[in-house]
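Peer 1: In order, the protein sequences belong to chains A and B. Just remember that this note's numbering sits 5 ahead of the position in the first sequence, which is counted from 1. Just remember that this note's numbering sits 1 ahead of the position in the second sequence, which is counted from 1. Using N, Cα and C, we set each Cβ at its ideal position, and we do this for glycine too.
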Amino acid sequence: MSSIKPKHQRLVLVSLALVAIIAAGLLAAWALRTQADYFYLPNEMMDEPPEVGRAVRLGGMVAEGSIERLPDGVTVAFVVTDQADARVPVRYAGILPDLFVENSGVVAEGSLGADGVFVADNLLAKHDENYVPRELKEMAEHQGASGPQQTVVGYE
Amino acid sequence: MSAELGHAALWMAAALAILQLLGGALAQRDAQAPLAALVRPAAMLQGFLAVFSFAMLLWVFAITDLSVKLVATNSHSMKPMIFKLSGAWGNHEGSMLLWVTVMALAGALIAWLEKRLPEKTMQATLASQGFVAIGFYAFLLLSSNPFERLASPVAEGNGLNPLLQDIGLAFHPPTLYMGYVGLSVAFSFAVGAMLTRQVNPEFARVMRPWVLGAWVFLTLGITAGSYWAYYELGWGGWWFWDPVENASLMPWLAATALLHSASVLAARDALRAWTIMLGVVAFSMSMLGTFLVRSGILTSVHAFAVDPERGSFILALLAIYIGGALLLFALRAGSVSEGQRFAAVSREGALVFNNVMLCSILGIVLLGTLYPLLTEAFDVRVSVGPPYFNPVGAIFTIPMLLVMAVGPLLRWREDNIERVRAPIAIVVALIVTTALLVVLASTTDVGVLPLLGLAIAVGLSVASFLPLRGRNLLRTPLSIWGMVLAHFGIAVSLFGMASESAFTEEKLVAISPGETSQIGGFAISLESVDPIAGPNWTAMEARITARRGEGAVEVLRPQSRHFFAPVQQTTESALLTRWDGQLYAVVGAPSPDGRWQLRLWWKPFVTLIWYGGLLISLGGALAIVGRLVSDIRRRRTQARDDDEREELESLRQSGAIPAGSTT
Numbered sequence: 006m007s008s009i010k011p012k013h014q015r016l017v018l019v020s021l022a023l024v025a026i027i028a029a030g031l032l033a034a035w036a037l038r039t040q041a042d043y044f045y046l047p048n049e050m051m052d053e054p055p056e057v058g059r060a061v062r063l064g065g066m067v068a069e070g071s072i073e074r075l076p077d078g079v080t081v082a083f084v085v086t087d088q089a090d091a092r093v094p095v096r097y098a099g100i101l102p103d104l105f106v107e108n109s110g111v112v113a114e115g116s117l118g119a120d121g122v123f124v125a126d127n128l129l130a131k132h133d134e135n136y137v138p139r140e141l142k143e144m145a146e147h148q149g150a151s152g153p154q155q156t157v158v159g160y161e
Numbered sequence: 002m003s004a005e006l007g008h009a010a011l012w013m014a015a016a017l018a019i020l021q022l023l024g025g026a027l028a029q030r031d032a033q034a035p036l037a038a039l040v041r042p043a044a045m046l047q048g049f050l051a052v053f054s055f056a057m058l059l060w061v062f063a064i065t066d067l068s069v070k071l072v073a074t075n076s077h078s079m080k081p082m083i084f085k086l087s088g089a090w091g092n093h094e095g096s097m098l099l100w101v102t103v104m105a106l107a108g109a110l111i112a113w114l115e116k117r118l119p120e121k122t123m124q125a126t127l128a129s130q131g132f133v134a135i136g137f138y139a140f141l142l143l144s145s146n147p148f149e150r151l152a153s154p155v156a157e158g159n160g161l162n163p164l165l166q167d168i169g170l171a172f173h174p175p176t177l178y179m180g181y182v183g184l185s186v187a188f189s190f191a192v193g194a195m196l197t198r199q200v201n202p203e204f205a206r207v208m209r210p211w212v213l214g215a216w217v218f219l220t221l222g223i224t225a226g227s228y229w230a231y232y233e234l235g236w237g238g239w240w241f242w243d244p245v246e247n248a249s250l251m252p253w254l255a256a257t258a259l260l261h262s263a264s265v266l267a268a269r270d271a272l273r274a275w276t277i278m279l280g281v282v283a284f285s286m287s288m289l290g291t292f293l294v295r296s297g298i299l300t301s302v303h304a305f306a307v308d309p310e311r312g313s314f315i316l317a318l319l320a321i322y323i324g325g326a327l328l329l330f331a332l333r334a335g336s337v338s339e340g341q342r343f344a345a346v347s348r349e350g351a352l353v354f355n356n357v358m359l360c361s362i363l364g365i366v367l368l369g370t371l372y373p374l375l376t377e378a379f380d381v382r383v384s385v386g387p388p389y390f391n392p393v394g395a396i397f398t399i400p401m402l403l404v405m406a407v408g409p410l411l412r413w414r415e416d417n418i419e420r421v422r423a424p425i426a427i428v429v430a431l432i433v434t435t436a437l438l439v440v441l442a443s444t445t446d447v448g449v450l451p452l453l454g455l456a457i458a459v460g461l462s463v464a465s466f467l468p469l470r471g472r473n474l475l476r477t478p479l480s481i482w483g484m485v486l487a488h489f490g491i492a493v494s495l496f497g498m499a500s501e502s503a504f505t506e507e508k509l510v511a512i513s514p515g516e517t518s519q520i521g522g523f524a525i526s527l528e529s530v531d532p533i534a535g536p537n538w539t540a541m542e543a544r545i546t547a548r549r550g551e552g553a554v555e556v557l558r559p560q561s562r563h564f565f566a567p568v569q570q571t572t573e574s575a576l577l578t579r580w581d582g583q584l585y586a587v588v589g590a591p592s593p594d595g596r597w598q599l600r601l602w603w604k605p606f607v608t609l610i611w612y613g614g615l616l617i618s619l620g621g622a623l624a625i626v627g628r629l630v631s632d633i634r635r636r637r638t639q640a641r642d643d644d645e646r647e648e649l650e651s652l653r654q655s656g657a658i659p660a661g662s663t664t
């Protein structure tokens with residue numbers, strides 16, 4: 006390679022770098038289309054359910070009176086709704102996030118089971134009264150039901 | 002009063018940044034321009050004023066001045082002092098002020114200390130630093146003034162998000178910002194060198210310690226942030242491929258590539274345009290990261306201080322600075338003269354390969370991070386997580402790590418692969434043996450990536466010390482030690498990551514006090530769950546005992562905390578660290594029948610992830626010291642040589658000239 010002129014060496018380097026980076030880009034584009042988790046609202050999940058087992062996310066409100074703890078003590082069943090007719094049953098085994106309450110927004114990461122129950126691996130609820138997952142904020146339904154109000158609590 | 006002083010200082014600093022830009026720009030036309038001499042003092046004074054302004058912000062937080070809006074919305078008089086202070090940067094305005102302060106400080110430091118470059122290049126560099134600073138001062142002063150007063154003071158503040166009331170968060174943002182914004186120096190040097198066409202080894206030698214410094218802080222910041230997320234969020238994970246995490250990883254990848262290509266430029270005068278390009282890219286990634294984090298345009302578990310309206314302001318700044326620098330690069334890259342040649346099998350060849358791999362990984366992370374934004378334009382909402390990042394990233398990371406094991410053994414310019422056959426054989430043998438051992442020994446199914454990770458980590462940990470072979474260890478330059486340590490740190494960290502994902506045991510149980518469970522060879526027993534109170538919270542605290550074999554009984558106390566201001570619950574994990582891993586416990590809510598949820602993990606060698614990060618930073622720090630020492634020494638010898646030559650010259654002249662003439 007040492008016989009190559011500097012100008013040619015630069016050309017070779019630039020083209021190699023470009024090839025690698027374009028390959029990375031194409032690979033990324035392909036992988037993104039197959040691996041990205043799609044976000045569903047409850048009515049979308051009712052109308053066009055994703056394939057069973059595919060990782061997706063479901064966002065909505067926790068329906069009032071729907072939180073139920075199963076006898077094993079660690080699994081929780083609840084219903085995610087868009088506050089209209091769509092209701093998707095969800096099952097989650099794990100520690101519930103802080104601020105997971107009825108009539109509050111939640112994003113469940115997981116997949117739809119064969120029995121039509123959404124099995125969540127992870128639940129994202131609001132962090133606090135200031136921070137809400139953006140997808141929740143966008144849901145118009147959310148406006149009606151905010152969590153703990155901004156309060157200034159005195160301290161004894 | 003202090004708030005007004007801070008605000009005024011900020012305005013003056015902004016004015017000085019303008020002066021710095023004007024002076025530096027005029028100096029490019031006429032070195033004798035009256036403003037040219039003011040560039041360095043302006044940069045130093047600007048740094049001082051920004052620091053003063055930040056000190057004033059700390060002060061109003063320290064005394065909880067509730068007439069300042071930022072304090073009222075983010076602080077609380079009952080908070081412990083350390084969290085009052087850290088609360089100063091736990092919000093949008095404060096963190097932007099910290100950003101600007103670090104930027105001004107970096108500019109002041111180069112103005113004060115850096116005397117090695119031609120003055121004209123320095124002035125161009127400082128002008129660029131001032132130019133970037135102006136945009137962020139404008140952002141701060143016009144749209145997010147941290148010193149804004151309330152019309153009437155409130156009785157009590159709203160408090161700080163409890164997740165942020167943690168010692169890790171007191172240190173994580175400042176270190177991360179020093180790294181993030183410290184890269185602005187690399188950007189400015191690159192712009193300065195392009196403007197004055199001074200892209201040469203001397204420039205790389207000058208830039209390198211600054212890049213290394215920023216990189217060390219960035220590494221520390223990422224390490225600290227990862228550990229914070231690990232124990233504070235209570236999810237047992239240490240990296241979520243979250244946009245905010247990616248925002249810090251991208252500049253790190255670019256800076257890593259930059260400091261390696263700067264080494265090539267410094268030692269061998271090759272890769273000129275490429276180094277300049279990376280200097281621009283690294284800080285562009287910092288600004289992009291700031292935009293992603295500050296604008297709240299992406300959903301993140303770490304984003305605590307977001308404001309979408311301000312996003313467009315940062316986006317405009319981004320377009321001006323990144324676009325401008327890239328345009329300048331496009332105009333000037335052709336005129337950057339050709340560097341030295343080198344063979345494919347050479348130190349340079351290996352470094353170029355790794356540079357390309359790092360940039361490919363950067364591209365993959367960037368695309369994955371921005372993809373949700375792209376699809377949103379078509380009204381499709383997606384999120385991108387580990388199933389994308391891990392395998393796709395690994396395709397480029399694994400070749401990079403393999404070349405990294407061999408690269409430091411190669412000679413500059415041209416080498417023969419035969420010469421390094423023995424070390425390569427050792428490393429390959431180690432990798433294959435480890436992989437086989439893991440496959441044979443493990444009872445569970447270890448994934449492909451963790452398996453490769455473990456094997457490469459073992460091979461790399463040995464390979465990283467091979468550059469010391471045949472050297473006198475006492476006389477080995479510090480910078481070599483730095484490289485060895487940093488590369489070893491990568492291996493250590495990789496081992497921790499691979500081990501964590503290959504062998505972690507997880508268990509979720511609901512048990513009543515007095516009952517027991519089992520995980521990772523530990524006998525776990527829930528003793529009791531009691532209410533306790535802290536300064537600004539109450540909690541349910543579980544008392545869990547853990548005992549391995551016949552060993553001592555250890556107590557873990559995970560809590561479920563309830564904060565008053567703001568009202569929020571958090572889970573506080575409890576960790577039991579052993580040399581070979583960590584036991585991680587979280588307590589959840591009680592069920593009506595009196596049982597408590599416990600989530601337990603046994604994570605073998607997980608701590609190595611962060612020890613590795615520390616080693617990498619330490620390696621970087623050693624390299625800085627080593628480079629500075631050798632640079633000073635080189636300068637001294639050069640100065641002495643020059644003196645001697647001058648003396649010789651004068652002697653020769655005096656020999657030619659009749660005696661009695663003075664020299």
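Under a three-way DSSP split, which group does B/Lys-116 fall into?
Peer 2: Note: B/Lys-116 maps to coil in three-state DSSP.
Peer 1: Which chain B residues are close to A/Asp-77, counting only those with a beta carbon under 7 Å from its beta carbon?
Peer 2: Result: Ala-511.
Peer 1: Contact criterion: CB-CB distance below 8 Å. Does A/Arg-96 meet it with respect to chain B?
Peer 2: Taking Cβ atoms only, chain B never reaches closer than 8 Å to A/Arg-96, which makes this a no.
Peer 1: Would you mind sorting A/His-13 into buried or exposed? The rule is 16 or more other CB atoms within 10 Å of its CB.
Peer 2: So A/His-13 counts as exposed.
Peer 1: Do B/Val-281 and B/Ala-191 come within 8 Å of each other at the CB atom, strictly closer than that value?
Peer 2: Cβ atoms of B/Ala-191 and B/Val-281: closer than 8 Å.
Peer 1: In angstroms with no decimal places, state the Cα-to-Cα distance between B/Ala-640 and B/Arg-117.
Peer 2: Going by the C-alpha atoms only, they are around 13 Å apart.
Peer 1: For the stretch 66-80 of chain B against the stretch 39-46 of chain B, do three or more pairs of beta-carbon atoms, one drawn from each stretch, fall closer than 8 Å, so that the two count as touching?
Peer 2: Counting Cβ pairs under 8 Å, fewer than three are found: no touch.
Peer 1: What does a CB cutoff of less than 6 Å around B/Met-2 pick up in its chain, not counting 5 residues either side in sequence?
Peer 2: Result list for B/Met-2: empty, nothing under 6 Å.
Peer 1: With distances taken between CB atoms, is the gap from A/Val-57 to A/Asp-42 smaller than 8 Å?
Peer 2: In this structure, A/Asp-42 does not lie closer than 8 Å to A/Val-57 by Cβ.
Peer 1: My understanding is that B/Ser-618 touches B/Val-217, with C-beta atoms under 8 Å, so please give their C-beta distance in whole angstroms.
Peer 2: Correct: roughly 5 Å between the Cβ atoms.
Peer 1: If distances are taken between C-alpha atoms only, which option among B/Arg-472, B/Ala-268, B/Phe-204, B/Leu-455 comes closest to B/Leu-495?
Peer 2: Among B/Arg-472, B/Ala-268, B/Phe-204, B/Leu-455, the Cα nearest to that of B/Leu-495 belongs to B/Leu-455.
Peer 1: Output yes if chain B places a C-beta closer than 8 Å to the C-beta of A/Arg-74; else output no.
Peer 2: Yes, A/Arg-74 lies at the interface with chain B (some Cβ there is under 8 Å from its Cβ).
Peer 1: Kindly give me the distance between the Cβ atoms of B/Phe-49 and B/Ala-134, rounded to whole angstroms, as I take these residues to be in contact under 8 Å.
Peer 2: No, B/Phe-49 and B/Ala-134 are not in contact; Cβ-Cβ is about 14 Å, not under 8 Å.
Peer 1: Taking Cβ positions, are B/Trp-413 and B/Glu-349 nearer each other than 8 Å?
Peer 2: Yes.
Peer 1: Count the C-beta pairs between the stretch 191-201 of chain B and the stretch 243-251 of chain B that are closer than 8 Å, then say yes if the count reaches three, no if not.
Peer 2: No contact exists between the stretch 191-201 of chain B and the stretch 243-251 of chain B.
Peer 1: Would B/Gln-598 and A/Ile-100 qualify as a contact pair, given that the criterion is a beta-carbon distance under 8 Å?
Peer 2: It is a contact, given that the beta carbons lie within the stated cut-off.
Peer 1: For A/Leu-16 and chain B, any beta-carbon pair shorter than 8 Å?
Peer 2: A/Leu-16 does not count as touching chain B.
Peer 1: B/Pro-119: which of B/Ala-28, B/Met-179, B/Ala-283, B/Tyr-322 sits nearest, CA to CA?
Peer 2: Residue B/Ala-28 is the option with its Cα nearest to B/Pro-119.
Peer 1: Would A/Ala-119 count as contacting chain B if we go by Cβ distances under 8 Å?
Peer 2: No, its Cβ sits nowhere closer than 8 Å to a Cβ of chain B.
Peer 1: Just the Cα atoms here: how many angstroms apart are A/Asn-127 and B/Ala-268?
Peer 2: Whole-angstrom Cα-Cα distance: 50 Å.
Peer 1: Quick check on B/Glu-115: buried or exposed, where buried means 16 or more other Cβ atoms within 10 Å of its Cβ?
Peer 2: Answer is buried; the Cβ neighbour count reaches 16.
Peer 1: Chain A beta carbons: is any one of them nearer than 8 Å to that of B/Arg-596?
Peer 2: By this cut-off, B/Arg-596 is an interface position.
Peer 1: To the nearest angstrom, report how far apart B/Ser-313 and B/Ile-321 are at their CA atoms.
Peer 2: Whole-angstrom Cα-Cα distance: 12 Å.
Peer 1: Quick check: B/Leu-20 and B/Leu-59, are their CB atoms within less than 8 Å of each other?
Peer 2: No. Outside cutoff.
Peer 1: I want to see whether chain A comes within less than 8 Å of B/Arg-382, judged by CB atoms only; does it?
Peer 2: B/Arg-382 counts as touching chain A.
Peer 1: If the cut-off is 8 Å on Cβ atoms, which residues from the stretch 28-56 of chain A count as contacting chain B, listed in chain order?
Peer 2: The residues in question are Ala-28, Ala-29, Gly-30, Leu-32, Ala-33, Ala-34, Ala-36, Leu-37, Gln-40, Ala-41, Asp-42, Tyr-43, Phe-44.
Peer 1: Does DSSP classify B/Gln-654 as helix, strand or coil?
Peer 2: Reduced to three states, the DSSP call for B/Gln-654 is helix.
Peer 1: Beta-carbon of A/Arg-59 versus every beta-carbon of chain B: anything under 8 Å?
Peer 2: Chain B contact via Cβ: absent.
Peer 1: Please identify, using Cβ separations under 7 Å, the residues of the stretch 344-376 of chain B that lie next to chain A, in order along the chain.
Peer 2: Within the stretch 344-376 of chain B, the residues whose Cβ lies closer than 7 Å to some Cβ of chain A are Ala-344, Ala-345, Val-353, Val-357, Cys-360, Ser-361, Gly-364, Ile-365, Leu-368, Gly-369, Tyr-372, listed in chain order.
Peer 1: Are any of the Cβ atoms in chain B nearer than 8 Å to that of A/Ala-82?
Peer 2: Answer no: the Cβ-Cβ gap between A/Ala-82 and chain B never drops below 8 Å.
Peer 1: What residues from the stretch 632-652 of chain B come within 8 Å of chain A, judged by C-beta to C-beta, listed N to C?
Peer 2: The stretch 632-652 of chain B vs chain A, Cβ under 8 Å: nothing.
Peer 1: Let's test the definition: count the other Cβ atoms within 10 Å of the Cβ of B/Gln-33 and tell me whether it reaches 16, buried, or not, exposed.
Peer 2: By the neighbour-count rule (16 or more Cβ atoms within 10 Å), B/Gln-33 is not buried but exposed.
Peer 1: Find the residues of chain B that neighbour A/Ala-25, judging by a C-beta separation of less than 7 Å, and give them in chain order.
Peer 2: Here the neighbours are Val-357, Ser-361.
Peer 1: Relative to the C-alpha of B/Thr-102, which residue among B/Leu-272, B/Ala-38, B/Met-57 is closest?
Peer 2: Among B/Leu-272, B/Ala-38, B/Met-57, the Cα nearest to that of B/Thr-102 is on B/Met-57.
Peer 1: Three Cβ pairs or more, each shorter than 8 Å: is that satisfied between the stretch 480-492 of chain B and the stretch 565-579 of chain B?
Peer 2: No: the two stretches stay apart, fewer than three of their Cβ pairs being nearer than 8 Å.
Peer 1: Applying the criterion that 16 or more other CB atoms from any shown protein chain within 10 Å of the CB defines a buried residue, is B/Thr-376 buried or exposed?
Peer 2: Label assigned to B/Thr-376: buried.
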